[in-house]
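> Once you've had a glance at the structure underneath, I'll fire off some questions.
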Amino acid sequence: MPKLFVTDREGEEHELEGTLGWSVMEIIRENDLPIEAACGGCCACATCHVYVDPAWLDRLEPPNADESMMLDEAFEVRDNSRLSCQIKFTDALDGLKVTLAPEF
Amino acid sequence: MSEDVIRTDMIIIGAGPCGLFAVFEAGLLGMKCHLVDNLDKIGGQCAELYPDKPIYDIPAVPRCTGQELVDRLMEQIRPFEPAFHLKEQASDLRRLEDGRWRLETDAGTVLEAPVVVIAAGAGSFVPRRLPLPEAERFEGTSLFYAVRKMDQFRGRNILIAGGGDSALDWVLNLQPIAAGMTLVHRRDEFRAAPDSVEKMRRLVAEGRMRLVIGQISALDGEGDRIRSVTIKGTDGTSTLVPCDTVLAFYGLKMELGPIAGWGLNLDRNLIAVDTAAFETNQPGIFAIGDICTYPGKLKLILSGFHEAALMCQKAFKYCFPEQKLIFRYTTSSTDLQKKLGVA
């Protein structure tokens with residue numbers, strides 16, 4: 001099973017089974033980690049904000065204009081900020097590491 | 001005092017798609033509705049979060065946008081003349097001696113009805129606040145998330161944060177009356193209307209205001225007065241911007257709010273209901289749409305529509321205890337067609 005590693009806001013890392021074809025947000029949410037994802041994944045809010053481990057950043061498709069605009073509503077946005085609903089989990093992302101951004 | 005109380009059949013909290021469709025189902029059964037919503041517009045999440053995004057799963061509507069769905073619902077419920085109380089948050093709910101409910105909003109509106117329907121989605125939309133520990137002590141005196149009276153900001157040295165229409169509109173409106181104006185945004189691209197962005201850039205070029213690219217990392221001041229704001233740039237450098245007023249526009253978020261204190265059975269911030277009538281543990285208070293939960297619940301608009309129809313069957317008994325309810329179709333009943341204004 002491909003793995004997704006998620007560091008929560010307390011700094012604890014969780015090893016999750018990554019379901020191929022789901023978004024990273026969905027995998028995090030279905031594992032009951034605290035991610036709000038208010039809009040349900042249609043890129044209409046910024047409450048699934050995560051930081052992607054810099055080592056993985058180049059392997060992701062860059063954010064599109066919609067995602068960049070929604071990130072404007074997030075706080076503490078960094079170069080490795082992404083909305084996790086916009087990252088589709090594929091085989092190529094086996095081992096991906098993300099950190100939940102602060103709640104806001 | 002009692003003249004100011006609005007008496008109706010059904011008070012609906014939340015003017016999203018489910019609240020709106022409840023007006024239709026209630027109207028067919030002869031119940032009049034008043035709706036309360038904290039947003040400044042009708043439509044809930046459909047209008048606020050995704051007005052331009054497509055919806056494909058409304059029965060018999062292969063495709064429509066969030067705003068189109070709201071517009072069509074408004075057309076459908078027009079015959080029933082619902083009353084809207086927008087920009088008002090339902091704050092206090094209590095039971096009257098005669099068994100009816102009394103709802104008060106934060107704007108002081110008082111409504112009384114035998115039935116209250118909570119169709120509040122994920123709760124009230126409220127401004128997203130700056131998640132800095134020092135922010136709270138400045139809030140309301142030198143840190144604001146909305147503008148109520150423009151005049152309050154006359155002569156102030158203002159810093160506005162955000163890149164959307166609210167941020168840009170207030171930059172343009174307040175700049176002429178402010179002593180100083182700085183706009184802070186995390187990147188040099190704005191999702192606000194291009195025309196507003198253009199005007200802002202002109203003001204910057206003319207030296208009448210400042211644009212700083214970066215994010216607020218700290219607020220400094222004395223007591224409840226801000227003296228300066230630290231902005232962290234994308235390159236990691238910090239800039240200190242002196243100002244006495246900060247207006248932050250980071251969009252809206254949803255929170256359950258006062259509903260949590262109404263004595264309703266909650267399950268993870270959702271309201272537990274029975275699936276026969278979508279009634280809560282309090283008789284006469286119903287919950288429909290995303291805010292209600294029961295075994296098998298799906299957060300779909302179409303589920304909320306179904307919940308609205310069943311809820312009204314029981315609501316009718318509270319509103320008209322002496323009357324018999326007969327089940328009829330709009331296709332064949334002239335009585336229902338009269339209510340719809342088509343017969």
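Protein chains in written order, with the UniProt record's numbering: chain A, 1 to 104; chain B, 1 to 343. Virtual Cβ for every residue (Gly too), placed ideally from N, Cα, C.
#1: Under DSSP, the beta strand (DSSP E) around Val50 of chain A begins and ends at which residues?
#2: Whole angstroms are fine: how far does the CA of Leu240 of chain B sit from the CA of Ile231 of chain B?
#3: Do the region 116 to 135 of chain B and the region 246 to 263 of chain B meet, that is, are 3 or more Cβ pairs less than 8 Å apart?
#4: Should Met1 of chain A go down as buried or exposed, given a rule of 16 or more other Cβ atoms within 10 Å for buried?
#5: Could you check which residue in B:Leu29, B:Gly284 and B:Ile11 has the C-alpha nearest to that of Ala309 of chain B?
#6: Beta-carbon within less than 6 Å of Ser238 of chain B's beta-carbon, same chain only, minus the 5 sequence neighbours each way: which residues are those?
#7: On a Cα-Cα basis, can you pick out the residue from B:Pro295, B:Leu69 and B:His185 that is closest to Ile216 of chain B?
#8: Going by CA-CA distance only, name the one from A:Cys48, A:Glu12, A:Gly40 and A:Thr99 that's closest to Leu71 of chain A.
#9: What is the DSSP secondary structure of Asp151 of chain B, counted as helix, strand or coil?
#10: What would DSSP say about Thr334 of chain B, mapped onto helix, strand or coil?
#11: Between Leu264 of chain B and Trp170 of chain B, what straight-line distance do the alpha-carbon atoms span, to the nearest angstrom?
#12: Please go through the same chain and pick out, in chain order, the residues whose beta-carbon is closer than 8 Å to the beta-carbon of Val197 of chain B, but skip the five residues on each side of it.
#13: Tell me whether the region 117 to 124 of chain B and the region 284 to 296 of chain B touch, counting them as touching only if at least three CB pairs, one residue from each stretch, are closer than 8 Å.
#14: Whole angstroms are fine: how far does the CA of Asp220 of chain B sit from the CA of Phe249 of chain B?
#15: Classify Gln86 of chain A as buried or exposed, calling it buried when 16 or more other Cβ atoms lie within 10 Å of its own Cβ.
#16: In chain B, which residues lie with their C-beta within 9 Å of the C-beta of Asp72 of chain A?
#17: How many Å lie between Thr99 of chain A and Gly123 of chain B at the Cα?
#18: Would a check of beta-carbon distances place Met200 of chain B closer than 8 Å to chain A?
#19: Checking 8 Å against the spacing of the C-beta atoms, do Thr8 of chain B and His34 of chain B come in under that value?
#20: Quick check on Asp4 of chain B: buried or exposed, where buried means 16 or more other Cβ atoms within 10 Å of its Cβ?
#21: With 16 other CB atoms within 10 Å as the buried threshold, where does Asp37 of chain B fall?
#22: Along the region 41 to 53 of chain B, where does the CB come closer than 8 Å to a CB of chain A? Name the residues.
#23: Count Cβ pairs between the region 14 to 22 of chain A and the region 87 to 95 of chain A that sit closer than 8 Å; are there 3 or more?
#24: Mind listing, in chain order, the continuous beta strand (DSSP E) runs of no fewer than 3 residues lying wholly within the region 100 to 179 of chain B?
#25: With 16 other CB atoms within 10 Å as the buried threshold, where does Ala60 of chain B fall?
#26: For Asp57 of chain B, does the three-state DSSP call read helix, strand or coil?
#27: Within its chain, find whatever has a CB closer than 6 Å to the CB of Asp66 of chain A; leave out the 5 residues flanking it on each side and keep chain order.
#28: Closer than 6 Å by C-beta to Met1 of chain B: which residues in its own chain qualify, once you throw out the five before and the five after it? Chain order, please.
#29: Suppose contacts are defined by Cβ-Cβ distances below 8 Å. Is Ile77 of chain B in contact with Gly27 of chain B by that definition?
#30: Could you tell me whether the Cβ of Met25 of chain A comes closer than 8 Å to any Cβ of chain B?
#31: By DSSP's criteria, Ala272 of chain B is part of a beta bridge. Which residues make up the other side?
#32: Classify residue 358 of chain B: buried if its beta carbon has 16 or more other beta carbons within 10 angstroms, exposed otherwise.
#33: Would you say Cys85 of chain A faces chain B, with C-beta separation under 8 Å as the test?
In short, the structure shows the following:
#1: For the purposes of this step, residue 50 of chain A is taken as residue 50 along the first sequence, with counting starting at 1. Boundaries of the beta strand (DSSP E) harbouring Val50 of chain A: His49 to Val52, taken from the DSSP string.
#2: For the purposes of this step, residue 231 of chain B is taken as residue 231 along the second sequence, with counting starting at 1. For the purposes of this step, residue 240 of chain B is taken as residue 240 along the second sequence, with counting starting at 1. Each residue's Cα considered, the two are about 6 Å apart.
#3: By the C-beta criterion, the region 116 to 135 of chain B is judged to be in contact with the region 246 to 263 of chain B, since at least 3 inter-stretch pairs fall below 8 Å.
#4: As a working note, residue 1 of chain A is residue 1 in the first sequence. Exposed, by the Cβ-count rule.
#5: In the second sequence, residue 309 of chain B corresponds to position 309, counting from 1. Closest by alpha carbon: B:Leu29.
#6: As a first step, residue 238 of chain B is located in the second sequence; it is residue number 238 there, counting from the start. These residues qualify, in order along the chain: Thr230 and Lys232.
#7: As a first step, residue 216 of chain B is located in the second sequence; it is residue number 216 there, counting from the start. Answer by Cα proximity: B:His185.
#8: Sequence index remark: in the first sequence, residue 71 of chain A carries index 71 (1-based). Among A:Cys48, A:Glu12, A:Gly40 and A:Thr99, the Cα nearest to that of Leu71 of chain A is on A:Cys48.
#9: Locating residue 151 of chain B in the second sequence gives position 151, counting from the first residue. Helix at Asp151 of chain B.
#10: Within the second sequence, numbered from 1, the residue matching residue 334 of chain B stands at position 334. Thr334 of chain B carries a helical assignment under DSSP once its states are collapsed to helix, strand and coil.
#11: Taking the first residue of the second sequence as position 1, residue 264 of chain B is located at position 264. Taking the first residue of the second sequence as position 1, residue 170 of chain B is located at position 170. Distance between the alpha carbons of Leu264 of chain B and Trp170 of chain B: 39 Å.
#12: Your numbering for residue 197 of chain B matches position 197 in the second sequence. The residues are Leu168 and Phe190.
#13: Between the region 117 to 124 of chain B and the region 284 to 296 of chain B, the count of C-beta pairs closer than 8 Å reaches three or more; the two stretches touch.
#14: Mapped onto the second sequence, residue 249 of chain B falls at position 249. Mapped onto the second sequence, residue 220 of chain B falls at position 220. If you take the alpha carbons of Phe249 of chain B and Asp220 of chain B, they lie about 19 Å apart.
#15: Position 86 of the first sequence, counted from the start, is the residue given in the question as residue 86 of chain A. Looking at its Cβ environment, which holds 16 or more other Cβ atoms inside 10 Å, Gln86 of chain A is buried.
#16: Mapped onto the first sequence, residue 72 of chain A falls at position 72. Residues of chain B passing the Cβ test: Gly162, Gly163, Gly164, His185, Arg186, Arg187, Glu189, Phe190, Arg191, Tyr250 and Gly251.
#17: Taking the first sequence and counting its residues from 1, one reaches residue 99 of chain A at position 99. Taking the second sequence and counting its residues from 1, one reaches residue 123 of chain B at position 123. Pairing Thr99 of chain A with Gly123 of chain B, the inter-Cα distance amounts to about 27 Å.
#18: Here residue 200 of chain B corresponds to residue number 200 of the second sequence, with the count starting at 1. Chain A contact via Cβ: absent.
#19: Counting from 1 along the second sequence, the entry for residue 8 of chain B is found at position 8. Counting from 1 along the second sequence, the entry for residue 34 of chain B is found at position 34. Result yes, Cβ atoms of Thr8 of chain B and His34 of chain B sit closer than 8 Å.
#20: Working through the second sequence from its first residue, we reach residue 4 of chain B at position 4. With fewer than 16 Cβ atoms within 10 Å of its Cβ, Asp4 of chain B is classed as exposed.
#21: Residue numbering aside, residue 37 of chain B sits at position 37 when the second sequence is read from its first letter. Asp37 of chain B comes out buried.
#22: Of all residues in the region 41 to 53 of chain B, Gln45, Leu49, Tyr50 and Lys53 have a Cβ within less than 8 Å of some Cβ in chain A.
#23: Two segments are said to touch when three or more pairs of C-beta atoms, one from each, lie closer than 8 Å; by this definition the region 14 to 22 of chain A touches the region 87 to 95 of chain A.
#24: Complete beta strand (DSSP E) runs here, min 3: 101 to 105, 110 to 113, 115 to 118, 124 to 127 and 157 to 161.
#25: In the second sequence, the residue the question calls residue 60 of chain B occupies position 60. That one is exposed.
#26: The residue given as residue 57 of chain B occupies position 57 in the second sequence. Of the three classes helix, strand and coil, the one that applies to Asp57 of chain B here is coil, per DSSP.
#27: Walking along the first sequence from the start, residue 66 of chain A turns up at place 66. Within the same chain, Cys43 come within 6 Å of Asp66 of chain A by CB-CB distance, once the 5 residues on both sides are set aside.
#28: Translated into positions along the second sequence, residue 1 of chain B becomes position 1. Because Met1 of chain B sits at a pLDDT of 48, beneath the cut-off of 50, its placement in the model cannot be relied upon, and the following sentence gives the value as read from the coordinates. None.
#29: Residue 77 of chain B sits at position 77 when you count from the first residue of the second sequence. Residue 27 of chain B sits at position 27 when you count from the first residue of the second sequence. Yes. Within cutoff.
#30: For the purposes of this step, residue 25 of chain A is taken as residue 25 along the first sequence, with counting starting at 1. So, not an interface residue.
#31: Position 272 of the second sequence holds residue 272 of chain B. Beta-bridge partners assigned by DSSP to Ala272 of chain B: B:Thr293.
#32: Lying before the first or after the last residue shown, residue 358 of chain B is absent from chain B, which here runs from 1 to 343.
#33: Position 85 of the first sequence holds residue 85 of chain A. For Cys85 of chain A, the answer is no, since every Cβ of chain B falls outside 8 Å of its Cβ.
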